[in-house]
Amino acid sequence: MDVLDLAEEIRAEATRLVWNTNIVPKGWRDIFAKPMCVLCHKLYTQIRAANRIWSTTEELVEKRKAKAQEAIDTLRDIYDLINYLATTLPVDWNRFDPLLNLMLKEEGKLKNWKDNTKIVKRK
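The opening residue of the sequence shown carries number 26 in my numbering; numbering runs sequentially from there.
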């Protein structure tokens, strides 16, 4: 599943960035590194939870869409944390380009996935 694969890549890239002492000094890890890892894990689990919902009824379609929206909201929380990091510490934005590009892709795919969720007809 493409959105889940991207979530794994985001989690790995974000973890490597925020635990790099050249980007986030050790004294700032509780403020930036740990919350980033929690948010990335939350994103991954929300996508998995949405994917587990088999949308055979209108109620399940809405539930799956709600879970997908939660993942989109978590992705925005990750953006906010990156912005907070970048405005607090002297960081080189170029170091975040790979992560931000992955996040842009993920956001588009999640929105598309959510918008295209329909009732699945059983054969």
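Backbone N, C-alpha and C fix where the C-beta goes; we use that ideal spot for every residue, glycine too.
Since this is a predicted model, take the numbers as computed values, not measurements.
- Per the Cβ contact rule, the stretch 39–48 is not in contact with the stretch 80–100 (fewer than 3 Cβ pairs under 8 Å).
- For F121, the three-state secondary structure derived from DSSP is helix.
- Closest in alpha carbon position to T113, among R54, P123 and Q94, is R54.
- The alpha-carbon separation between K130 and R147 amounts to approximately 31 Å.
- With distances taken between CA atoms, K92 lies nearest to K139 out of V145, H66, D27 and K139.
- DSSP, reduced to helix, strand and coil, places V49 outside both helices and strands of the structure shown, so it counts as coil.
- A residue is called buried when at least 16 other Cβ atoms come within 10 angstroms of its Cβ; K51 does not meet this threshold and is exposed.
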